[in-house]
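Read through the structure below, which is laid out as structure tokens, and then see the notes.
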Amino acid sequence: MSTLLSRRHVLVAPPALLAGGLLATRPALAQGPPAAARGAIRLAGNENPLGPGPAARAALAAAAGDAWKYPMGEEMALRAMIAEREGLTPAHVLLGAGSSEILHLAALVAGAGGGEMLTCAPTFDYAAGQVRAIGGQVRELPLDAAMRFDLPALRVAVSQATRLVYLCNPNNPTGTWLPGGDLRGFIAGLPQSVTVLVDEAYLELATDVAEHSMVDRVRAGDNVIVARTFSKLHGLAGLRIGYALARPDLAARLGQLRLVALCGPGLAAAAASYRDFDFQATSRRQIAEGVAITTAALDEIGRPHTDTRGNFVFFDTGAPVAAFLGAMRERGFSLGRPYAAYPNWCRVSMGTVAQMQQFTGALRAHFGA
Ligand SMILES: Cc1ncc(COP(=O)(O)O)c(C=O)c1O
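Be aware that the sequence shown starts at 29, since it is given in the working numbering, and climbs by one per residue.
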């Protein structure tokens, strides 16, 4: 994707802009991706190609006939279900159009009137972009030497201007993560005025969520917002359902800024998937198998990679990544974008097991292994 418009901007651009307005002045974008990328295997968006699971598919089909209704009951039902599992009340659960909307709402509150958000980079930069867009300040510290969020440095950097600290655990794009105990210590040491937004989009891809999630801090009444999504484990990225877990006053403050209710059939599919533990286990297995195939190939070829906890692998290609991305596109694979802090590193998202076997074949061929 061009540096002029990110993938996300293209996804949200109104059809009129895409058809003839803004993009008409940018011929390369108007023509779409290069020929080799069209029909390429998508290993770029940290999606889960196994989804939707069987229960979600059935719920989606069954809900189609109810699409004439406003989905008020469906929102309440999903909030109640999540609250019960998390040991919270429905007032602690705020739904959003993907967890992106949750990040957006937190960014609006933090950035209003020039407020500051503190984070590390590279990370998922949607919240930072939204803070900047409304005139707030973003301070980004480097990740530590192991490519993890640098909690000691963040603690020192918190100032009176800091309203929000954004932590991504596990972190996108590096896949690195911090144990729950470290995060709890960090949160306990912050001034009361600072809210911590913990993005747990990838945390539930493993099963020890309770140990590492900050939902216990929400239960304890701390100034913490946990963001989760149905886009990853559940493979429902196209339906745009995410949620926040936060103290009711915090959830209500963010909720005031929501645009509209979510899509009813999407909510029905999310609720069905939430109860579909077989599918969740299958998703986890497929992702783990994809990661094992990919990291084994990288080890064999001798390319360093992080120890990922995401549905993606971050690895060192050994040279500026643009040429590698181009070469892999020619071989039929669309991969993640470059990151300035790690110019030689590439993020590859997990596809199906068969796709990862194809990808590692292409990787071996590229590196002559
Ligand atoms: C860390 C992280 N948070 C949030 C999101 C947003 O996901 P969604 O809006 O689909 O829930 C992503 C998407 O890739 C992500 O990587």
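A virtual CB, placed ideally from N, CA and C, is assigned to each residue, including glycine.
Going by DSSP, name the residue or residues bridged to residue i.
| i | result |
| --- | --- |
| Arg167 | Leu146 |
| Gly124 | Gly270 |
| Ile253 | Leu225 and Ala274 |
| Val137 | Note: Val137 sits in no beta bridge, so no partner. |
| Arg70 | Ser362 |
| Ala192 | Before going further, note that residue 192 is Leu rather than Ala in the sequence given. Met145 and Thr223. |
Cβ-heavy atom distance between residue i and ligand 1 below 7 angstroms?
| i | result |
| --- | --- |
| Thr257 | yes |
| Ser241 | no |
| Ala229 | yes |
| Asn200 | yes |
| Asn74 | yes |
| Gly270 | yes |
| Ala128 | Per the sequence shown, residue 128 should be read as Ser rather than Ala. Yes, ligand 1 has a heavy atom inside 7 angstroms of this Cβ. |
| Phe177 | no |
| Ala297 | no |
| Ala91 | no |
| Ala351 | no |
| Ala265 | yes |
| Phe342 | no |
| Cys196 | yes |
| Val152 | One point to set straight first is that residue 152 is Phe, not Val, in the sequence displayed. Answer for Phe152: yes, Cβ within range of ligand 1. |
Between residue i and chain C, is the shortest Cβ-Cβ distance under 8 angstroms, so that the two count as touching?
| i | result |
| --- | --- |
| Ala68 | No chain C appears in this structure, which consists of one protein chain only. |
Please classify residue i as buried or exposed, where buried requires at least 16 other C-beta atoms within 10 Å of its C-beta.
| i | result |
| --- | --- |
| Arg392 | exposed |
| Arg337 | buried |
| Gly141 | exposed |
| Val188 | The sequence shown places Gln at residue 188, rather than the Val named in the question. Exposed. |
| Leu206 | buried |
| Ser259 | buried |
| Asp306 | exposed |
| Leu287 | exposed |
| Gly318 | buried |
| Gln314 | buried |
| Glu232 | buried |
| Thr202 | buried |
| Leu171 | buried |
| Met378 | buried |
| Trp373 | buried |
| Arg54 | Low confidence applies here, because Arg54 scores a pLDDT of 34, under 50, leaving its location unreliable; read the following figure in that light. Exposed is the call here. |
| Ala280 | exposed |
| Asp220 | The sequence shown places Gln at residue 220, not Asp. When all chains shown are included, Gln220 counts as exposed. |
| Ala274 | buried |
| Asp7 | No information on residue 7 is available, as it lies outside the stretch 29 to 397 that the chain covers here. |
| Arg303 | exposed |
| Gly163 | exposed |
| Gln284 | exposed |
| Thr388 | buried |
| Thr322 | buried |
| Pro348 | exposed |
| Val271 | Sequence check: residue 271 is Tyr here, not Val. Buried is the call here. |
| Val159 | buried |
| Asp227 | buried |
| Gly294 | buried |
| Arg107 | buried |
| Ala382 | exposed |
>> My parser needs the alpha helix (DSSP H) runs of 4 or more residues fully inside the region 311 to 379; what are they?
In response: 349 to 358
>> List, from N- to C-terminal side, the alpha helix (DSSP H) runs of 4 residues or more that fit wholly inside the region 70 to 95.
In response: If we require 4 residues or more, the alpha helix (DSSP H) runs fully inside the region 70 to 95 come out as 82 to 91.
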